[in-house]
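Notes follow the structure.
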Amino acid sequence: MATYEMKLDSDLKEVYRVETLVKAIAAEHHFTPVFLYDVMLLITEATNNAVMHGNKFDRNKHAWLLCEVRGDDFYIEVRDEGAGFNLNDVPDPLAEENLLKPSGRGVFLMRQIAKHVDYTFSPEGTTVKILIPIKRETP
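Residue numbers (our numbering): 212 to 350.
Next up, the structure:
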């Protein structure tokens, strides 16, 4: 199992550091371009949610990214220091009144792409855990 970790400031500019890490993981483990795109989308949504909605851009708070290559699965964990949210309050992005809204698709996309998505809420923050089957390039 290969493990990669990163501590992030509550700033959207940190996404560039995340992208660099994910591209390096993809090259090392021979991810297909489509799989890399899916992973990048999942991690970007999760880290953006942690910084924007969880930590509310509070520079005194951080987010943490953990990635693991677990055989044929890729595990992603993003943790923030925010108060959390109620999954039942997340609007359906496919509802007609939400179709043209510029945001609100992150949780939906994660659930559509990943094999497993789980949220844990605690006084210390929110953690999202994502598992997705790896698609590798054939040698």
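Backbone N, C-alpha and C fix where the C-beta goes; we use that ideal spot for every residue, glycine too.
Exercise. Rounded C-beta distance between residue 346 and residue 246? I'm assuming under 8 Å.
Worked result: 4 Å
For this session: Rank 237, 332, 216 by C-alpha distance to the C-alpha of residue 265 and give the top, closest one.
Result: 332
Exercise. For residue 290, does the count of other Cβ atoms within 10 angstroms reach 16, so buried, or fall short, so exposed?
Worked result: buried
Problem set entry | Within 8 Å, strictly: CB atoms of residue 294 and residue 274 | no
Exercise. In chain order, what residues of the same chain have a beta carbon less than 7 Å from the beta carbon of residue 215, not counting five sequence neighbours either side?
Worked result: 232, 236, 278
Problem set entry | Span of the beta strand (DSSP E), counted from its first residue to its last, around residue 344 | 336-344
Exercise. Around the Cβ of residue 249, are there at least 16 other Cβ atoms within 10 angstroms (buried) or fewer (exposed)?
Worked result: buried
Exercise. Skipping 5 residues on each side, what residues in its chain have a beta carbon closer than 6 Å to that of residue 330?
Worked result: 339
Problem set entry | Residue from 224, 212, 308, 240 with nearest C-alpha to residue 263 | 224
For this session: Could you pull the start and end residues of the beta strand (DSSP E) that residue 249 belongs to?
Result: Residue 249 -> not in any beta strand (DSSP E); alpha helix (DSSP H) instead, spanning 244-260.
Exercise. Can you name the residues that DSSP bridges to residue 273?
Worked result: 220
Exercise. From residue 344 to residue 280, what distance separates their C-alpha atoms?
Worked result: 10 Å
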